[in-house]
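Enquirer: In this note's numbering, the protein residues as written are 60 to 338. All residues carry an ideal CB built from backbone N, CA and C; glycine is no exception. In this text the structure is predicted, and so the values were computed from the model without any measurement. A single structure is presented below for examination.
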Amino acid sequence: MTVPNGALVVSEFLYCLNTSTIRPTPLLEKIRIAGRLGYQALEPWNNEIDEYLRSGGTLPDLRNALADAGLKVVSVIALHGWVLAQGADYAKVKDDCRRRMEQAAALGSPSIVASPPQEEVDLDQAAARFGELLELGRQCGVTPSMEFLGFVAGVKNVASALAIATGSGDPRATVVADVFHMIRGGGSVDDLLALEGRQLACFHLNDLPASPDPLAQTDADRVMLGDGIADLPRVIANLRTIGFRGPLSLELFNPTLWGQDPFEVAKTGIERMKRLVER
């Protein structure tokens with residue numbers, strides 16, 4: 060946004076690149092691209108961090124690369140299997156969650172995404188498990204944040220994710236929200252108004268095409284900001300209304316964009332984010 064004398068006002072949000080947006084690109088190159096373009100933050104995935112480590116890299120080296128690019132990690136994706144696993148399987152899941160949380164903490168991330176299962180879930184049971192996950196995160200130095208996915212049977216909207224977060228009884232509990240998932244789950248961008256800003260750890264910004272039917276779309280259908288039907292100015296207005304002052308993470312999974320120059324894709328992304336926010 061601008062003030063009357065034309066001076067630019069610094070955004071109250073952090074401009075973040077979710078690395079899925081330019082997925083085929085190696086992680087270090089993603090970091091260089093984001094830094095060159097003026098992104099302030101990065102949201103990487105555990106699987107690509109694992110790939111980097113298998114290739115001989117180290118977490119301290121990765122953190123140094125982020126610092127050299129002027130980037131902070133605001134969230135890492137993701138924790139899986141923690142809601143429904145039982146017995147020995149749950150012990151294995153917790154071990155994997157601990158490893159992923161320690162990885163996130165080593166990169167300085169305050170948060171890590173906790174993904175829901177595909178199935179219907181008992182929200183009270185999920186809340187109890189989320190409480191255990193939060194305690195594990197406390198030990199590791201990172202806070203899990205509850206995600207909803209619009210295409211699953213259970214935790215598919217803001218209300219269900221918020222019920223799990225608040226049901227944990229932990230005042231630190233937060234959720235992750237996403238334009239695509241709000242609409243894909245049958246809701247609207249006004250679902251954000253059920254949240255307080257402090258309850259939102261990170262916001263995933265994207266757009267949806269008019270076709271196919273939004274209620275039948277997959278992640279691959281997501282399109283660049285402004286190329287779809289989502290009311291993105293209203294999204295930003297709603298985030299301001301609830302007092303959110305955190306990262307806006309550009310998260311796309313579009314194969315067509317993956318085939319394009321990753322620098323140009325990321326450049327278009329931050330330009331359009333700034334246009335939305337600073338108008």
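Could you check how far apart the C-beta atoms of Gly-213 and Ser-219 are, in whole angstroms? I think they sit under 8 Å.
Expert: With a Cβ gap of about 7 Å, Gly-213 and Ser-219 count as contacting.
Enquirer: Need the endpoints of the beta strand (DSSP E) that Asn-123 sits in, please.
Expert: From DSSP, Asn-123 is part of no beta strand (DSSP E) but of the alpha helix (DSSP H) over 118-127.
Enquirer: Check the C-beta distance from Ser-174 over to Ala-137 and give it rounded, since I have them as a contact under 8 Å.
Expert: Between Ala-137 and Ser-174 the Cβ distance is about 5 Å, and since that is below 8 Å, they are a contact.
Enquirer: His-263 and Asp-280 - do their beta-carbons sit closer together than 7 Å?
Expert: No, the pair does not count as a contact, with Cβ atoms beyond the cut-off.
Enquirer: Put Tyr-74 into one of helix, strand or coil per three-state DSSP.
Expert: If DSSP states are grouped into helix, strand and coil, Tyr-74 belongs with the strands.
Enquirer: Expressed to the nearest angstrom, what Euclidean distance is found between the alpha-carbon atoms of Leu-86 and Ile-108?
Expert: When rounded, the distance between both Cα atoms is 8 Å.
Enquirer: What residues in its chain sit with their C-beta under 6 Å from that of Arg-338, if we drop five residues either side in the sequence?
Expert: Once the five neighbours on either side are set aside, Arg-338 has no close Cβ partner at all.
Enquirer: Taking DSSP's pairing of strands, which residues face Ile-171 in a bridge?
Expert: According to DSSP, which records beta bridges pairwise, Ile-171 is partnered with Val-135, Pro-203.
Enquirer: Do you know offhand how far Cys-156's Cα is from Val-282's?
Expert: If I take the Cα positions, the gap works out to 31 Å.
Enquirer: So, helix, strand or coil for Ala-150, using DSSP?
Expert: Looking at Ala-150 - three-state DSSP - the assignment turns out to be helix.
Enquirer: Could you pull out every residue in the same chain whose Cβ sits closer than 7 Å to the Cβ of Asp-286, ignoring the five residues on either side in sequence?
Expert: Result list for Asp-286: Asp-266, in chain order.
Enquirer: Which of helix, strand or coil does DSSP assign to Leu-307?
Expert: Strand.
Enquirer: So if DSSP puts Leu-264 in a beta bridge, which residue, or which two residues, is it bridged to?
Expert: Leu-264 pairs with Leu-309.
Enquirer: Out of Leu-193, Ser-247, Phe-210, Val-133, state which residue places its alpha-carbon closest to the alpha-carbon of Thr-202.
Expert: Here the closest residue by C-alpha is Leu-193.
Enquirer: Hey, Trp-317 and Arg-82: beta-carbon distance below 7 Å or not?
Expert: Going by C-beta atoms, Trp-317 is nearer than 7 Å to Arg-82.
Enquirer: Candidates Gln-276, Ser-270, Leu-195, Ala-187: which alpha carbon is nearest Leu-143's?
Expert: Considering only alpha carbons, the answer is Ala-187.
Enquirer: Which same chain residues, not among the five before or five after Asp-278, have their C-beta less than 6 Å away from its C-beta?
Expert: Here the set comprises Phe-312.
Enquirer: Quick check on DSSP: helix, strand or coil for Ala-100?
Expert: Strand.
Enquirer: Once you ignore the five residues that flank Leu-166 on each side, which residues in its own chain have a CB closer than 6 Å to its CB?
Expert: Closer than 6 Å at Cβ, skipping near neighbours: Arg-122, Val-132.
Enquirer: Check the DSSP bridge columns for Thr-233 and list the partner residues they point to.
Expert: Answer is Ser-204.
Enquirer: Compute the distance between the beta-carbons of Leu-76 and Ala-232, then report whether it is under 7 Å.
Expert: Against a cut-off of 7 Å, the Cβ pair of Ala-232 and Leu-76 comes out as no contact.
Enquirer: Should Ser-79 and Glu-330 be called a contact, given that it needs their Cβ atoms to be closer than 7 Å?
Expert: Not a contact, by the Cβ cut-off of 7 Å.
Enquirer: Taking DSSP's pairing of strands, which residues face Leu-259 in a bridge?
Expert: Paired residues: Val-234.
Enquirer: Give the range of the alpha helix (DSSP H) segment to which Ala-224 is assigned.
Expert: Looking at the DSSP string, the run of the alpha helix (DSSP H) that includes Ala-224 is 217-226.
Enquirer: Under the rule that 16 or more other beta-carbon atoms within 10 Å means buried, what is Asp-250, buried or exposed?
Expert: Asp-250 comes out buried.
Enquirer: Using the C-alpha atoms, what's the distance from Ile-223 back to Gln-99?
Expert: One C-alpha to the other measures close to 30 Å.
Enquirer: Classify Arg-95 as buried or exposed, calling it buried when 16 or more other Cβ atoms lie within 10 Å of its own Cβ.
Expert: So Arg-95 counts as exposed.
Enquirer: Between Glu-178 and the rest of its own chain, which residues show a CB-CB distance below 8 Å, the 5 nearest in sequence each way excluded?
Expert: Cβ neighbours of Glu-178 beyond the five flanking positions: Leu-143, Val-211, Ala-212, Gly-213.
Enquirer: Compute the Euclidean distance between the alpha carbons of Leu-291 and Gln-184, then round it to the nearest angstrom.
Expert: C-alpha separation (whole angstroms): 34 Å.
Enquirer: Return helix, strand or coil for Val-294, following the three-state DSSP convention.
Expert: Three-state result, Val-294: helix.
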